[in-house]
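Below is one structure; the comments refer to it alone.
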Amino acid sequence: MNAALLIDASYFIAAFLFIYGLKRMSSPLTARSGIVVAGAGMVLAVLASFLYTLDVSPAARPQLTTNLVLAVIALALGLGWAWRSGKKVAMTEMPQMVALYNGMGGGAAAAIAAIELIGYKTHGSVSLTLAVLGGVIGAVSLSGSLIAWAKLDGRINSTLRFSGLQAVNGSLLLLLLALGAYIVWHSGQVAMPVFAVFFALALLYGVMMTMPIGGADMPVVISLYNAFTGLAVGFEGYVLNNPALMIAGMVVGSAGSLLTLLMAKAMNRSVANVLFSNFGAASDDAQGEISGSQKPIDAADAGINMHYATKVIIAPGYGLAVAQAQHKLYELVKLLQDAGVEVKFAIHPVAGRMPGHMNVLLAEAGVPYDIIYDMEDINDEFKEADVAIVIGANDTVNPAARTNKSSPIYGMPVLNVDLAKQVYVVKRGQGKGYSGVENALFYADNTQMVYGDAQKVMVAMIQAIKSLGGGH
Amino acid sequence: MDYTTTVLTGFVALYIFMLATFTGFEIIGRVPAILHTPLMSGSNFIHGIVVVGALWALLNATSVPEQIIGFVGVLLGAGNAAGGYVVTERMLQMFKPSNKSNKE
């Protein structure tokens with residue numbers, strides 16, 4: 001049997017399964033089978049690629065056994081670690097895991113570029129250009145995704161911003177492109193340190209590009225890096241003359257780009273706005289303008305007040321999920337409904353960490369869909385609500401995004417909770433949101449703060465309402 | 001059987017890139033916001049195919065630096081593919097109850 005034919009046929013089938021699987025994934029009805037179909041394609045492609053051992057280049061033949069052992073170890077380690085971490089990770093931490101896995105893909109694409117370049121294996125200006133481009137994009141995606149992961153995981157809390165950052169990043173990018181052009185110009189025959197500097201600069205650029213972006217914008221950024229990795233994989237596919245990589249990479253590159261645009265649109269922002277609007281903005285100015293103080297209230301009192309309200313709107317955020325309070329919250333909602341209170345959920349497009357993330361978390365707790373509303377459907381109702389209760393959300397309810405032009409999050413659509421007659425904010429402490437911005441809502445006259453772990457606060461509210469003895 | 005692998009260069013490659021780009025756009029076309037997260041994760045899984053390229057590069061490595069970078073490449077690529085699959089599959093499992101209540 002001809003190995004090359006077997007490999008090519010396997011890749012053809014794999015490419016078909018990827019596209020068909022992705023197509024199934026894009027509809028809620030068939031989504032679950034889609035990933036299985038695509039998974040089958042992946043297994044086939046990986047198994048087929050071991051047939052490469054029958055046909056390696058003569059120069060690599062003496063090392064073949066070592067290389068094969070290395071390949072099996074690397075494959076087993078990567079697969080084992082990712083499989084375990086993927087099974088273990090909590091639903092709430094899903095977005096940063098996606099960022100992490102995506103960064104790994106970018107790193108793999110950059111590694112392919114590095115091997116091709118330092119081994120002087122690539123010839124022809126088209127191949128070289130694509131190897132260099134794929135290397136840059138992959139490396140940027142790797143370091144950028146790692147920063148995104150660290151930010152969402154709470155490992156990096158600061159947002160790096162200084163005036164002139166945009167100029168620094170601009171020159172960094174120019175330098176990177178110039179170095180890439182230099183490598184191509186010399187047909188790849190440049191000294192080893194040049195390659196080292198080249199990849200180091202690309203990694204640095206990814207860090208610098210991601211550091212100034214606030215946590216609330218991270219979903220868009222992760223989606224963008226996802227598209228980046230796809231593009232890098234497609235380019236390296238050309239360099240390796242591998243159609244499976246070319247097709248899968250390009251499909252993801254374009255699908256990911258479109259997904260990024262759709263996500264940005266759901267947040268009513270442009271991608272350029274997400275990437276560059278924060279650069280050099282003096283965010284400290286905005287924080288000086290907030291006057292007043294945060295007024296605390298007891299959880300039990302807040303619970304009883306809600307019991308006597310007519311209409312309550314709940315704005316849940318990531319903090320709710322972190323405290324594992326969804327089930328207790330739903331219990332509270334049922335008590336309020338029994339007392340004749342109209343209760344609705346208001347979901348910000350990026351509530352949780354990504355579009356649709358909070359819907360998944362509430363569905364898991366059994367909250368029925370007909371009381372959950374998207375932002376645009378419910379934003380006009382806040383002014384009729386007696387109580388708006390914010391649980392573990394911050395940036396997505398900050399009125400400064402609507403009113404304060406000097407705020408770094410200005411322009412982001414927010415839930416208009418501040419228009420309700422009374423606002424309760426359930427919050428662990430007095431800290432800032434992911435964007436690092438002080439929230440004017442917490443200081444408003446109609447806002448009272450309920451400090452504490454969301455789950456304990458829910459329990460206290462439930463007990464307070466139950467102690468009223470069945471209400472009406 | 002005499003078969004040599006097809007070499008994809010020049011315009012043939014350009015055609016592949018163009019058609020793949022349109023395919024990606026068409027597939028994602030009109031997706032409800034609720035599926036954005038799993039789809040992003042799903043497409044993240046698909047570019048895990050990079051592991052195949054990394055495998056080829058490692059198997060053809062001729063020096064120690066190449067072997068090291070290749071090893072890291074395969075490790076990262078395998079992580080991308082396996083992690084992307086598990087996470088997407090788990091997320092889509094969650095969508096079962098929501099589909100039912102939507103009666104779609």
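Going down the list, the sequences are from chains A and B.
Taken in order, the first sequence gives residues 1 to 472; the numbers are from the UniProt record's numbering.
Taken in order, the second sequence gives residues 1 to 104; the numbers are from the UniProt record's numbering.
Ideal Cβ positions, reconstructed from N, Cα and C, are used throughout, including at glycine.
These numbers were taken from a predicted model, which means no experiment stands behind them.
Query                                                                                                              : Result
Beta-carbon proximity check, residue 206 (chain A) vs residue 144 (chain A), cutoff 7 Å                            : yes
Interface flag, residue 125 (chain B) vs chain A, CB-CB below 7 Å                                                  : Not covered by the structure: residue 125 (chain B). The range shown for chain B is 1 to 104.
Cross-chain neighbours of residue 68 (chain A) in chain B, by beta carbon under 8 Å                                : 59
Helix, strand or coil at residue 285 (chain A) according to DSSP, with G and I counted as helix                    : Low confidence applies to residue 285 (chain A): its pLDDT is 43, below 50, so where it sits in the model is not reliable enough to give any reading.
Test: residue 229 (chain A) CB closer than 7 Å to a CB of chain B                                                  : yes
For residue 248 (chain A) and residue 15 (chain A), the rounded distance between their alpha carbons               : 6 Å
For residue 395 (chain A) and residue 409 (chain A), believed in contact at Cβ under 8 Å, the rounded distance     : 6 Å
Range covered by the beta strand (DSSP E) that runs through residue 374 (chain A)                                  : 372-374
Contact check, residue 71 (chain A) vs residue 76 (chain B), beta carbons under 7 Å                                : no
Cβ pair residue 242 (chain A), residue 53 (chain B) closer than 7 Å                                                : yes
Any chain B beta carbon closer than 7 Å to residue 236 (chain A)                                                   : yes
Distance CB(residue 256 (chain A))-CB(residue 226 (chain A)) smaller than 7 Å                                      : yes
Same chain only: Cβ atoms within 8 Å of residue 11 (chain A), ignoring 5 sequence neighbours per side              : 45, 48, 242, 243, 244
Whole-angstrom C-beta distance between residue 445 (chain A) and residue 428 (chain A), which should lie under 8 Å : Contact flag wrong, Cβ pair sits at about 23 Å.
Range covered by the beta strand (DSSP E) that runs through residue 449 (chain A)                                  : 447-451
Reduced DSSP category for residue 90 (chain A) - H, G, I as helix; E, B as strand; rest coil                       : coil
C-beta contact flag for residue 212 (chain A) and residue 159 (chain A) at 7 Å                                     : yes
Residues of the segment 17-30 of chain B whose Cβ lies closer than 7 Å to any Cβ of chain A, in chain order        : 17, 20, 21, 23, 24, 25, 27, 28
Residue environment, residue 281 (chain A), which counts as buried when at least 16 other CB atoms sit within 10 Å : Interpretation of residue 281 (chain A) is limited by its pLDDT of 39, a score under 50 that renders its predicted location unreliable; no figure is taken from the coordinates.
Cross-chain neighbours of residue 98 (chain A) in chain B, by beta carbon under 7 Å                                : 40, 41, 44, 87
Any C-beta of chain B under 7 Å from that of residue 379 (chain A)                                                 : no
Three-state class that DSSP yields for residue 422 (chain A) in the structure shown                                : strand
Rounded Cβ spacing between residue 5 (chain A) and residue 3 (chain B) (contact assumed at less than 8 Å)          : 4 Å
Where residue 346 (chain A) sits in the DSSP three-state scheme                                                    : strand
The segment 59-74 of chain B: positions lying closer than 8 Å to chain A by Cβ                                     : 59, 60, 61, 62, 63, 65, 66, 67, 69, 70, 71, 72, 73, 74
Which listed residue (B:5, B:48, B:72) has its alpha carbon closest to that of residue 250 (chain A)               : B:48
Same chain, Cβ closer than 7 Å to residue 70 (chain B), neighbours up to 5 away in sequence not counted            : 54, 57, 58, 61
Interface flag, residue 149 (chain A) vs chain B, CB-CB below 7 Å                                                  : no
Residue 421 (chain A) Cβ short of 6 Å to the ligand NAD heavy atom set                                             : The ligand content of the structure shown is nil, which means the ligand NAD is not present either.
According to DSSP, residues forming a beta bridge with residue 388 (chain A)                                       : A:313, A:423
C-alpha distance - residue 164 (chain A) paired with residue 175 (chain A), whole-angstrom precision               : 17 Å
CA nearest to the CA of residue 253 (chain A), picked from B:81, B:44, B:88                                        : B:44
Close Cβ partners of residue 466 (chain A) (< 8 Å) along its chain, the five nearest in sequence each way excluded : 335
Residue ranges of each alpha helix (DSSP H) within the segment 29-68 of chain A, 4 or longer                       : 31-49
Cβ distance (whole Å) where residue 322 (chain A) is taken to contact residue 345 (chain A) below 8 Å              : Not a contact, Cβ separation roughly 18 Å.
Exposed unless 16 or more other CB atoms sit within 10 angstroms - verdict on residue 235 (chain A)                : buried
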